[in-house]
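Quick note: the sequence shown uses the numbering used here, first residue 2, plus one each step. The beta carbon of each residue, even a glycine, is placed where N, CA and C say it ideally should be.
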Amino acid sequence: AEVPTDAFRMSRLAEGQTAVVAGLSPSCRGALRRRLMDLGFVRGSHVSVGMRSPLGNPVAYVVRGTAIALRREQARQIIVTPL
2 AEVPTDAFRM SRLAEGQTAV VAGLSPSCRG ALRRRLMDLG FVRGSHVSVG
52 MRSPLGNPVA YVVRGTAIAL RREQARQIIV TPL
């Protein structure tokens, strides 16, 4: 699938900003890809920043009504578009 021109990595999502998952990075494979999809990070899901830890890593993202803590390197694998 083609990546929308306004797409960016979820790790750049600002607090209070909501975005829509466009997909996962092609470099995201195997167990991590499956885990992210199982957690709800699939095309069309709305995601927002729930809260950041004091050092900014990990960050709690809210997807499908559930807060999920991801490290920056994991969040970089998720491609989103602004809502």
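Point to revise | Run of the alpha helix (DSSP H) containing residue 38, from where it starts to where it stops | key: 31-39
Practice item. Hey, could you find the ends of the alpha helix (DSSP H) residue 76 is sitting in? Key: 73-76
Point to revise | At least 3 beta-carbon pairs within less than 8 Å: the segment 46-64 vs the segment 26-38 | key: no
Point to revise | Three-way DSSP call (helix, strand, coil) for residue 13 in this model | key: helix
**Study point:** Assigned secondary structure, residue 25 (DSSP; H/G/I helix, E/B strand, else coil)
**Key:** strand
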